[in-house]
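Numbering (the working numbering), first residue to last: 60 to 555. Note that the Cβ used here is the ideal one computed from N, Cα and C, for glycine as well. A quick note: this is a predicted structure, and the numbers were derived from the prediction, not measured.
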Ligand SMILES: *Cc1c(COP(=O)(O)O)cnc(C)c1O
């Protein structure tokens with residue numbers, strides 16, 4: 060049976076999975092959600108000893124029903140290959156009483172690789188299925204991490220081009236170097252003289268420009284987006300929760316049917332929503348602990364039922380979680396609003412206008428499987444230090460927020476179920492903060508020197524992603540004003 064996708068803000072829209080992937084966001088501003096969450100057709104115990112790729116297929120086939128088996132297996136094979144530095148793709152480390160699901164073994168050493176390595180293949184397959192013969196041009200504004208992961212995913216993929224705009228003075232030196240050294244004839248990177256909002260606004264303007272769309276059409280191009288609300292990013296993330304459960308069964312860490320709690324360091328609510336979908340599919344997941352840093356808008360939401368973005372934005376050592384509007388939460392709000400698009404639209408309207416909304420008591424009851432917890436900067440650093448001193452294992456700052464939140468949850472609720480923590484970045488990605496937390500001297504040392512030291516202390520070899528940019532030549536030198544972005548795109552595509 061075909062699973063169709065509807066919009067969280069309009070009951071009348073129904074698209075196939077491939078159409079939803081191509082479109083990204085619904086025209087009414089809503090997010091695409093499946094008409095129902097499919098149940099797993101195999102029990103986790105039947106997946107024991109299967110590879111990551113096989114388990115990913117078992118999940119993807121249930122959600123992306125208009126793709127053929129051959130198409131899905133082909134996308135999976137191209138995505139989860141030697142780009143990952145371990146054949147397991149997402150290995151689990153047991154550290155003390157916690158399992159860390161390491162989602163950082165891909166080309167940019169952070170969890171966005173799990174989805175962005177497959178999205179380009181899903182997208183080009185979707186284009187072919189829908190008779191789109193234009194080249195797909197991915198436009199991305201980035202504050203650092205997503206840009207590089209999207210570049211790495213789309214580089215060299217036939218039928219696609221990717222243009223990334225970042226704030227010239229608003230990303231870390233390592234992040235900038237990662238982007239401007241990106242190889243691939245189909246890639247374009249430009250630094251904007253402005254902040255992230257300027258870059259974001261510029262990209263949105265390009266997407267909304269009908270004249271430019273016509274011009275692109277005539278030249279054989281079509282814009283698309285790779286941001287985290289695309290279901291082509293969400294669905295592949297469900298796979299690693301199933302994989303983790305199966306591996307814990309395989310290693311006899313879990314009994315069949317035993318419930319596993321999951322803690323996820325959360326920003327845009329995409330990763331934890333994937334865990335929620337896995338639970339809805341029938342995977343024995345108990346509690347979902349949503350971990351926030353000091354930007355604890357989600358913690359407050361789960362505590363009070365009010366989502367309120369009207370607060371100060373805090374810059375923390377876990378920058379990928381510094382977010383006040385968690386876009387993917389809309390999918391959960393839609394669900395607990397009884398899949399009523401009108402009500403969901405109402406809440407999102409309140410958020411856009413006044414910056415807040417409050418869900419009803421009936422809706423709150425359905426949130427009981429979630430627990431919000433947060434960690435301060437001090438608690439995060441203390442967790443990195445404590446785990447390192449006790450075990451020698453090194454957490455990155457985002458994972459440490461989650462580990463601290465998981466501890467708080469267990470201490471407060473006396474919940475004895477086993478705990479899986481999604482480990483979203485390598486400590487080598489946020490080396491300076493990690494080394495400061497451990498108490499190593501960092502002053503006067505550049506990030507590469509710190510990586511060398513971390514490598515010695517931890518016994519881990521420096522990831523390829525860091526080694527590569529140490530010596531890689533800069534190939535992208537474009538800078539421009541926000542107002543010149545359209546012209547830069549035309550030049551990249553060879554139009555006029
Ligand atoms: C993006 C990101 C997160 C947040 O994930 P969401 O799906 O946006 O909630 C957490 N940690 C790292 C390292 C990230 O890059």
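| Asked | Found |
| --- | --- |
| Counted within 10 angstroms of its Cβ, other Cβ atoms place residue 107 as buried (16 or more) or exposed | exposed |
| Unbroken alpha helix (DSSP H) run spanning residue 363, endpoints | 356–363 |
| Those runs of the alpha helix (DSSP H) which lie wholly inside the region 475–499 and span at least 4 residues | 490–497 |
| Rounded separation between residue 182 and residue 137 - CA only | 13 Å |
| Nearest residue (CA-CA) to residue 403, options 76, 91, 60, 199 | 91 |
| Ligand 1 heavy atom lying under 8 Å from the CB of residue 324 | yes |
| Ordered list of beta strand (DSSP E) runs contained in the region 73–132, each at least 3 residues | 91–93 |
| Rounded C-alpha distance that separates residue 129 from residue 139 | 16 Å |
| Nonlocal neighbours in the same chain, by C-beta distance under 7 Å from residue 131, ignoring five residues either side | 116, 119, 120, 123 |
| Member of 319, 173, 527, 231 whose CA lies at the smallest distance from the CA of residue 505 | 231 |
| heavy atom of ligand 1 below 8 Å from residue 375 C-beta | no |
| Beta-ladder partner(s) of residue 247, from DSSP | 222 |
| Environment of residue 240 [buried if 16+ CB atoms lie within 10 Å] | buried |
| Three-state class that DSSP yields for residue 309 in the structure shown | helix |
| Pair within 9 Å by beta-carbon distance, residue 95 and residue 74 | no |
| Own chain partners of residue 216 with C-beta closer than 8 Å, once the 5 adjacent residues on each side are dropped | 179, 180, 183, 245 |
| DSSP bridge partner residues for residue 69 (one or two, in chain order) | 66 |
| Simplified DSSP assignment, three categories, for residue 263 | helix |
| Proximity below 9 Å, CB of residue 238 to CB of residue 207 | yes |
| Alpha carbon of residue 339 to alpha carbon of residue 390, nearest angstrom | 13 Å |
| Cβ-based burial, residue 523 [other Cβ within 10 Å; buried from 16] | exposed |
| CA-to-CA distance, residue 77 to residue 190, given in whole angstroms | 11 Å |
| N- and C-terminal bounds of the alpha helix (DSSP H) containing residue 16 | This structure leaves residue 16 out entirely; the chain is present only between 60 and 555. |
| Pairwise C-alpha distance: residue 242 and residue 552 | 17 Å |
| Own chain residues within Cβ distance below 7 Å of residue 308, not counting five before or after | 103, 104, 107, 315 |
| Outcome for residue 152 when other beta-carbon atoms lying within 10 angstroms are tallied against a minimum of 16 | exposed |
| Distance CB(residue 233)-CB(residue 528) smaller than 9 Å | yes |
| Secondary structure of residue 413, DSSP reduced to three states | helix |
| Beta bridge counterpart(s) of residue 283 as assigned by DSSP | 197 |
| heavy atom of ligand 1 below 8 Å from residue 204 C-beta | yes |
| Same chain only: Cβ atoms within 7 Å of residue 271, ignoring 5 sequence neighbours per side | 265, 545 |
| 7 Å Cβ shell around residue 306 - same chain, five flanking residues per side excluded | 151 |
| Unbroken beta strand (DSSP E) run spanning residue 502, endpoints | Where residue 502 is concerned, there is no enclosing beta strand (DSSP E), given that its DSSP letter is neither H nor E. |
| Any non-hydrogen atom of ligand 1 within 8 Å of residue 457 CB | yes |
| Residue 179 - DSSP class collapsed to helix/strand/coil | helix |
| 8 Å Cβ shell around residue 276 - same chain, five flanking residues per side excluded | 193 |
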